[in-house]
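**Student:** Protein chains in written order, with my numbering: chain A, 341 to 1012; chain B, 341 to 1012.
Here's a structure for you.
So, in structure tokens, the structure goes:
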């Protein structure tokens, strides 16, 4: 057998054993590490640059040294001489691994196939999994006391581990006698919920794993965790392959309604995606798929039902009745998910027809039910799920924001992916914009921007970029409070152009122009009005004036600058330092449920007490919605905010035909 | 749709609906009724004769009249004229069914493909099944109270039926909303053990069924029962297809040991046989396979383990350790048994490595644990399972009788099948035998025997025939107490012939002679000595002198004449009127477990208290075994018996070389 060494890639944390002499690029590919390579390992493209680390990584049992890589090759020396390979960097395709190693993959060497923001959110979870391992050595069989090996196993678990008498899954009972024979009558069993033996191994077994999956309409993200340490040992993400049946939820439900067997087809592809994710995560972590014994899933109601194989048609129209609003536990195999043969799957409960298990995950992560203060939690997608409350009372609603916040139905909109504009600033004096795209650190006014962004390009604008550009357009006077675009008084800018009967703002000119049209601003207004009306409804219902804390969950929430969200009136008044992203709270909720079994019971107790507010049948919703179309919806709030963050006040606009009598405001400089 | 009428075949009890105009033979074939036909329905072979019944069969809702059959055809009239079709008999292939009908299939018209004695044994069972049906109508969904349909269902079961809050299998949850939509929000659910919803149907559902299966090494017999009335609506039997891997249990275990995957292959074929049986039974009863929701199985340990997919190798040698000695409940689907998707299978517990769930079934059927008197239960196969005890104490053992009682390893031995000699009498004066074969009512001394037995022939001798012939040989002096065959003093009979160094008794001369050799008698002596030694061991262990009642279970037990069994010393002393067949007690036990759920718990409580006596390690077993070789093992007992049943005393035998000094006895005439 060839000698193997340990290699750990950072920042992904992916690790594994590779044979001595493997190139770093080969190792990365084998372990599923995101390391760019265009020339196919010929040493030409220089994309696969890595930085070897020196030091003792005792947590991982690795002593890493630069000389654990082969010496610099002629190719690398050549690139160094031309300053294309700086410092201690190496070409992944040239450097061969000779000893244990920790390797940094710099940002620019990462492939960025898909910018998936459902990263692991740090969270302190009390590890108390649904299953435990027990190792016992059974007495030899005795013809004078002819009892079965199953009964001997039960007796050992009772006497040595004080467990109740419990049954054993038949598939595992089949393994018992061979396991006993193999390991001198020593076996390890996995006991689920202290009541059922679901796995049997010969000898000693120490570690088993679980998957926490956040199943979104667009993205599926899995966290593979050690069930006893709680450590996230690998993550894996993929696009939801159901997209081919319809981009958004409603089009997928329509697909089911229109196509016999459409639900089964969508169920099948999403389960296949789960299997692929599980395989990749297991491979990344260097564990066997069969060592995964538990899984938790959060999802919106339609994804949730489709995953379980339940026809979501009733969720496609009023009265939006869920088949189940409870925690469901079943065997992974029943869902065609291939982990350990007796692995369990637990789906967190959905709350109502529009409020899913993902929101249950957010609640589990943020625990508003334990808070003294009034907490508002917002998870923005095609619908915005909103939770408001504290230890005394919880309300939940879903507001039909539409997909504008996700970049859909926006002229130059796109998903959050490399090349998408995510940050925008407009100079209030010149009205010139500058922006940053995903996958490039430089701003567009950086002289080297063209070179630096060459790889990703500038392909469109994503949700957080849209929020910023519309807010900046407002702050610079390009749009007024009603959202109307037009020339700014005293400014002569070719950024504001006539576009048929309305005006547009040109974010990027040239061959592939990116412009914000009047319709785009309207779409954002509609979306933010829906979100605002929903939160206002809940605040009303709660009978309070103001919320104490606001948490944005999810990818959108992680990216947007909350100041801009407040400028546009997406969220209600709140101290700005009490507003922030809560990360991928849904995914964190899935991980909490995975690692802390009691939380599954708790969420089952919390949810029935949550009061569901159905926006569609609330008469006030429409009223609030219309009121919330303007920007900002409340002048006072804006003024307050402007003071706090030292925003400029919105600038006066040139008088436009049909848009006369607009008030002028004094300008304030915005800090750079 | 064509008109259909009801037809019920007796004695099988198989019934169903057939279109008007169907011939009786077609109907029989469709319903799985055992009706002979050789000429393929041409009216030539006259094998398919049936007798229509007249009368009101109110239990079955049938008013049967002879004129519900078409008029006699020319073919039938022709056969009548030649006296080949007697009385009211009809040819099944000619008579067409015009109205509801009950049809007798005379013994000689039955095919007797396989003489399977595992018939339904009448037994009064308190019907209390493991599952119940509940029909509820759920309120319409309400957007103001957005709860899931699952929760509504739970609430209805709690409030209307006082059931606990219970979960629903995912496969059935998928059916809930479509069922509600289909039947005006009325559904029927099946609840298993008052704790789990395992089936959902739209609207009202009234009847579901269960299968009780007796899985033997040779035969598999299924009883399909209505779970609420307890009625056996169909039975089906088949050979155990594992026979191709080995005739007896040990050869099958050897097959597993010698062939990689041998256990899986045997598991697969036996499950396929289960599926075929279930299909046939469902078809016979005219029900859908999906209406079968529960199943119980009894089997010996090796069959039991193979059915469950457990490698039986540890049962092939000391210490004969069972993988499980408990009741196992799982989904039929897990065992590749295709009934309702959530149908359950319950295997009764095995007692020890040689004492199976079939014995558990015998205990459940006979309940020796409730008796005041000492009950001895014997189930004879390749091994004899023996249970002895009463309400205070139960003992069980398995005794290695070998296959002689099943006709194996006997010169002219065969299984109990048409053509096998099952009854034998030897004239003590002439030493001439007369016998009867399975499938023919006439004795061999009937002048018409040749004609009457022509169809089945005389092919060999089965277990019960062997017992009788050996006992009769003893009673007529052909063998002595040590089992030695030889000429009888004063008798000149060509039935006793020299056969090398020993003698044989010729039961049938001619081209296909059937003779009982010295080795055959030895085989029976060994078998009966083993059985006797086993029972004596248990009687010893129990510390009693005499048992109060003896029950023979199984096919062998149903066929043998207990007098002969006692003459040979198969069974210990007991009042003859307290000895009898208990029918297919194992199969009855399976049916009890199926129909009376509490009995499954009871057997689980009884069995651990049963003291297992391992004959292989009991020093006294060998001693008793040797002592029990002689016939009868106790002269006094025989004398008692002879008085009671008016047997002749054993006759004196001619002095043979090496067999001198034999006592002579006075003869008594045996009644005809």
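From the three backbone atoms N, C-alpha and C, an ideal C-beta is built for every residue, glycine too.
Where does residue 965 of chain A land, buried or exposed, given buried means 16+ other C-beta within 10 angstroms?
**Tutor:** When all chains shown are included, residue 965 of chain A counts as buried.
**Student:** List the endpoints of the continuous alpha helix (DSSP H) containing residue 880 of chain B.
**Tutor:** 858-882
**Student:** Sort A:738, A:558 and A:444 by Cα distance to residue 867 of chain A and report the nearest one.
**Tutor:** Among A:738, A:558 and A:444, the Cα nearest to that of residue 867 of chain A belongs to A:738.
**Student:** In the DSSP assignment, the beta strand (DSSP E) including residue 773 of chain A goes from what residue to what residue?
**Tutor:** 773-777
**Student:** Using DSSP bridges, identify the partner residues of residue 477 of chain A.
**Tutor:** Partner(s): A:526.
**Student:** If residue 635 of chain A sits next to residue 679 of chain A, beta carbons under 8 Å apart, how far is it from one beta carbon to the other, in whole angstroms?
**Tutor:** 7 Å
**Student:** What first and last residue would you give for the beta strand (DSSP E) that runs through residue 919 of chain A?
**Tutor:** Segment 919-921, the beta strand (DSSP E) holding residue 919 of chain A.
**Student:** Per DSSP, what kind of secondary structure is residue 495 of chain B in: helix, strand or coil?
**Tutor:** Note: residue 495 of chain B maps to helix in three-state DSSP.
**Student:** Can you give the Cα-Cα distance for residue 371 of chain A and residue 405 of chain A, rounded to whole angstroms?
**Tutor:** 20 Å
**Student:** Keeping to the same chain, check which residues put their C-beta closer than 7 Å to that of residue 799 of chain A; ignore five residues upstream and five downstream.
**Tutor:** 754, 759 and 760
**Student:** Between the Cα of residue 464 of chain B and those of B:408, B:402 and B:571, spot the shortest distance and give me the residue it belongs to.
**Tutor:** The shortest Cα separation from residue 464 of chain B among B:408, B:402 and B:571 belongs to B:571.
**Student:** Does residue 670 of chain B come within less than 9 Å of chain A when only Cβ atoms are used?
**Tutor:** yes
**Student:** Taking the straight line between their C-alpha atoms, what separation do you get for residue 707 of chain A and residue 562 of chain A?
**Tutor:** 22 Å
**Student:** The segment 531-564 of chain B: which residues have C-beta closer than 8 Å to a C-beta of chain E, in chain order?
**Tutor:** Of the protein chains in this structure, namely A and B, none is chain E.
**Student:** Return the chain-ordered list of same chain residues with a C-beta closer than 7 Å to the C-beta of residue 376 of chain A, the five sequence neighbours on each side being excluded.
**Tutor:** 387, 388, 449, 450 and 451
**Student:** For residue 525 of chain B, return the contacting residues in chain A, with the cut-off set at a CB-CB distance below 7 Å.
**Tutor:** By Cβ distance, chain A contributes nothing, its closest Cβ being about 11 Å from residue 525 of chain B, past 7 Å.
**Student:** Step through the CB atoms of chain A and report whether any lies within less than 9 Å of the CB of residue 866 of chain B.
**Tutor:** no
**Student:** With C-beta atoms as the reference, is residue 833 of chain A less than 9 Å away from residue 928 of chain A?
**Tutor:** In this structure, residue 928 of chain A does not lie closer than 9 Å to residue 833 of chain A by Cβ.
**Student:** Can you have a look at residue 490 of chain B and say buried or exposed, based on whether 16 or more other CB atoms are within 10 angstroms of its CB?
**Tutor:** It is buried - the Cβ of residue 490 of chain B has at least 16 other Cβ atoms within 10 Å.
**Student:** Do residue 640 of chain B and residue 697 of chain B have their CB atoms nearer than 9 Å?
**Tutor:** yes
**Student:** Just checking: is the beta-carbon of residue 517 of chain B within a distance shorter than 9 Å of some beta-carbon in chain A?
**Tutor:** yes
**Student:** Where in the segment 631-707 of chain A do unbroken runs of the beta strand (DSSP E), each at least 3 residues long, occur, reported from the N-terminal end onward?
**Tutor:** 632-639, 668-671 and 684-687
**Student:** According to DSSP, is residue 351 of chain B helix, strand or coil?
**Tutor:** coil
**Student:** To which residues of the same chain is residue 944 of chain B closer than 8 Å at the C-beta, ignoring the five residues directly before and after it?
**Tutor:** 666, 667 and 689
**Student:** Shortest alpha-carbon distance to residue 526 of chain B belongs to which of B:355, B:515 and B:534?
**Tutor:** Taking only the C-alpha atoms, the option nearest residue 526 of chain B is B:515.
**Student:** Among residues of its own chain, excluding the 5 on either side of residue 580 of chain A, which ones have a beta-carbon nearer than 8 Å to its beta-carbon?
**Tutor:** Excluding residues up to 5 positions away in sequence, 555, 556, 557, 558, 559, 560, 610, 613 and 643 lie with their Cβ nearer than 8 Å to the Cβ of residue 580 of chain A in the same chain.
**Student:** So is residue 652 of chain B buried or exposed if we call it buried at 16+ other beta carbons inside 10 Å?
**Tutor:** buried
**Student:** State yes or no: is the C-beta of residue 544 of chain B within less than 9 Å of the C-beta of residue 569 of chain B?
**Tutor:** no
**Student:** Among A:881, A:856 and A:871, whose alpha-carbon lies nearest the alpha-carbon of residue 911 of chain A?
**Tutor:** A:871
**Student:** Hey, is residue 686 of chain A's beta-carbon within less than 9 Å of any beta-carbon in chain B?
**Tutor:** no
**Student:** Can you pull out the residues from the segment 947-966 of chain A whose beta carbon lies closer than 9 Å to at least one beta carbon of chain B?
**Tutor:** Those residues of the segment 947-966 of chain A that come within reach of chain B (Cβ to Cβ, closer than 9 Å) are 948, 952, 954, 956 and 957.
**Student:** With distance defined between alpha-carbon atoms, name the residue in B:498, B:540 and B:781 nearest to residue 518 of chain B.
**Tutor:** B:540
**Student:** At 7 Å on the CB atoms, spell out the chain B contacts of residue 513 of chain A, in chain order.
**Tutor:** 650, 663 and 664
**Student:** Based on the DSSP output, what are the partners of residue 765 of chain B in its beta bridges?
**Tutor:** B:774
**Student:** Indicate whether residue 710 of chain A and residue 728 of chain A have their beta-carbon atoms separated by less than 9 Å.
**Tutor:** No, they are not a contact pair.
**Student:** Here's a check: name, in chain order, each residue in its chain whose Cβ is nearer than 8 Å to the Cβ of residue 411 of chain A, leaving out the five neighbours to either side.
**Tutor:** none
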